[in-house]
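**Q** Residue numbers (our numbering): 894 to 1245.
Even for Gly, the Cβ is constructed at its ideal location relative to N, Cα and C.
Let me begin by handing over the structure; questions about it come next.
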Amino acid sequence: MNAGHPTRIGFLSFGHWHPSGPHTRSAADALTQSIELAVAAEELGIDGAYFRVHHFERQLAAPYPLLAAIGARTSRIEIGTGVIDMRYENPLYAAEEASAADLIAGGRLQLGISRGTPSSALNGYEAFGYVPAEGTSDADLARQHTAVFRAAIAGAGVAHADPRTTGRSDAVVGLQPLSPGLGDRIWWGSGTRSSAVWAANQGMNLMSSTLLTEDTGVPFDQAQAEQIAQFRAAWAEAGWDREPRVSVSRSVIPLVTDEDRRYFGDRDGAEGDQVGYVDAQTLARFGPSFTGEPDVIAAQLANDAAVQAADTVLLTVPNQLGVDYNTRMLATIADHIAPAIGWRPAGAVTAG
């Protein structure tokens, strides 16, 4: 369990691209640059390379080819998602894809999954062939797919054996390949305290969202720390025989060079919480962003209750500015910000 400070940091990329973008103008750019940034991050001692998954957008969508490619190019860094929208997933095919990618990576996948976030497509998962059963919601659909996916990666039988090939009519068969330990490296992306408790009861790690879809009136970091505390308490009560992982995400932009100030100087200073509606009914609290001198950001993160409660902090990167820019930014964070919150370069910490 976390001993009072983060033990891992990683980057989180949305994988944006746009034809008029400065460096990332196509899907091919976004994918190949994601691989190169993961390689560079590993060389810096960064612990994780994580990627958002969005459908119907100019962003990364199909995660497993990318995760496998990074796994083949790297040897140590954790490779993850934040998050895969399970409403869109064929859970059995996803289990095969995830297991294969994890085997290529040598058991380094850390898969964040969840109900997902709003998209530009209305009920886009229905276009993928998945419609919630009558009387159920899309959130129910995501949890149903998650249950099948997790059972499959654990080796559960998912189909009846064909007696013509097996000689048995009462047997069931599971999927192949299987990747040992993958089941312990599944995270649930949670935006509420209740869903964090549900994740703990299911035995999944917690990936606390940068958007909390409830507002209790307290600052974002305190609300998120409360969510983490309830998750850990529920985990202990459930009696699982391993320690859970907990991650939080933060937008951190250190201003060091003229180029930094040209891109982000107008944001200098911490941007506080934002409260607003994500739809007509849901009042949400959005987390703060940190832009400025490295020592100022370090002090702000050291006082962030949720950052201190988590074992992993994911730092969003402006991927459209290219690999070189983001590598320099991660180097600045590793050298001048992350040590102030208790982090040390990878080597002494092993994957969980």
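1. Could you tell me which of L1071, I997, D1055 and S1072 sits nearest to A1064, measuring between CA atoms?
2. Flag this pair as touching only if the stretch 1062 to 1081 and the stretch 1028 to 1035 have three or more C-beta atom pairs under 8 Å; answer yes or no.
3. Going by C-alpha distance, which of G1005, S906 and I970 is nearest S1140?
4. Of all the options D1161, G1076 and L937, which has the alpha carbon lying nearest to the alpha carbon of E1135?
5. Do the stretch 995 to 1015 and the stretch 963 to 973 meet, that is, are 3 or more Cβ pairs less than 8 Å apart?
6. Excluding the 5 residues preceding and the 5 following A988 in the sequence, name in chain order all residues of the same chain whose CB lies nearer than 7 Å to its CB.
7. Around the Cβ of E1152, are there at least 16 other Cβ atoms within 10 angstroms (buried) or fewer (exposed)?
8. Return the CA-CA distance between R980 and Y1218, expressed in angstroms with no decimal places.
9. Would you please state the rounded distance, in angstroms, between the beta carbons of I939 and G903? I believe it to be under 8 Å.
10. What number of angstroms, rounded off, separates the C-alpha of R1160 from the C-alpha of I1146?
11. Give the range of the alpha helix (DSSP H) segment to which T1039 is assigned.
12. Excluding sequence positions up to five away, which residues of its chain have a Cβ less than 7 Å from the Cβ of G914?
13. Suppose the cutoff is 6 Å on Cβ atoms and the five residues either side in sequence are ignored; what does the same chain contact list for A1233 look like?
14. Three or more C-beta pairs closer than 8 Å, one from the stretch 1089 to 1101 and one from the stretch 1009 to 1019: is that the case here?
15. List the DSSP bridge partners of S1083.
16. Is the distance from the Cβ of T1120 to the Cβ of S1142 below 8 Å?
17. Tell me Y943's beta-bridge partners as DSSP assigns them.
18. Could you give the residue range of the beta strand (DSSP E) that holds V1139?
19. Would a C-beta distance cut-off of 8 Å place H947 and A955 closer than the cut-off?
20. Looking at the secondary structure, which residues open and close the alpha helix (DSSP H) in which Q1117 lies?
21. Give the single residue among N1094, G1110 and Q1117 whose Cα lies nearest to the Cα of G1084.
**A** Inspection of the coordinates gives the following:
1. Residue numbering aside, residue 1064 sits at position 171 when the sequence shown is read from its first letter. Checking every option, the nearest Cα to that of A1064 belongs to D1055.
2. no
3. For the purposes of this step, residue 1140 is identified with residue 247 of the sequence shown, where counting begins at 1. Nearest C-alpha to S1140: G1005.
4. Residue mapping note: residue 1135 aligns to position 242 of the sequence shown, counting from 1. Note on residue identity: the sequence assigns Arg, not Glu, to residue 1135. Nearest C-alpha to R1135: G1076.
5. yes
6. What you label residue 988 is simply residue 95 of the sequence shown in a count that begins at 1. Closer than 7 Å at Cβ, skipping near neighbours: F1042, A1045, I1046 and L1068.
7. As a working note, residue 1152 is residue 259 in the sequence shown. Exposed, since its Cβ has fewer than 16 Cβ neighbours within 10 Å.
8. What you label residue 980 is simply residue 87 of the sequence shown in a count that begins at 1. What you label residue 1218 is simply residue 325 of the sequence shown in a count that begins at 1. Each residue's alpha carbon lies about 34 Å from the other.
9. Within the sequence shown, numbered from 1, the residue matching residue 939 stands at position 46. Within the sequence shown, numbered from 1, the residue matching residue 903 stands at position 10. So it is a contact: roughly 6 Å between Cβ atoms.
10. The residue you call residue 1160 lines up with position 267 of the sequence shown. The residue you call residue 1146 lines up with position 253 of the sequence shown. Each residue's Cα considered, the two are about 9 Å apart.
11. By 1-based counting over the sequence shown, the position of residue 1039 is 146. D1031 to I1046 is the span of the alpha helix (DSSP H), which, as asked, contains T1039.
12. Here the question's residue 914 lines up with position 21 in the sequence shown. Only Q1213 meet the Cβ criterion.
13. The count along the sequence shown starts at 1 and reaches residue 1233 at position 340. Once the five neighbours on either side are set aside, the close Cβ partners of A1233 are A1191 and A1195.
14. no
15. Residue 1083 sits at position 190 when you count from the first residue of the sequence shown. Per DSSP, S1101.
16. Taking the sequence shown and counting its residues from 1, one reaches residue 1120 at position 227. Taking the sequence shown and counting its residues from 1, one reaches residue 1142 at position 249. It is Gln, not Thr, that sits at residue 1120 in the sequence shown. No, Cβ-Cβ distance for Q1120 and S1142 is not below 8 Å.
17. Mapped onto the sequence shown, residue 943 falls at position 50. Answer is L905 and G973, bridged to Y943.
18. The residue labelled residue 1139 in the question sits at position 246 within the sequence shown. V1139 to P1147 is the span of the beta strand (DSSP E), which, as asked, contains V1139.
19. For the purposes of this step, residue 947 is taken as the residue at position 54 of the sequence shown. For the purposes of this step, residue 955 is taken as the residue at position 62 of the sequence shown. Their beta carbons are not under 8 Å apart, which means H947 does not touch A955 by this criterion.
20. Along the sequence shown, read from residue 1 onward, the residue named residue 1117 stands at position 224. Counting along the chain, the alpha helix (DSSP H) containing Q1117 begins and ends at F1113 to A1131.
21. For the purposes of this step, residue 1084 is identified with residue 191 of the sequence shown, where counting begins at 1. The option with the nearest alpha carbon to G1084 is Q1117.
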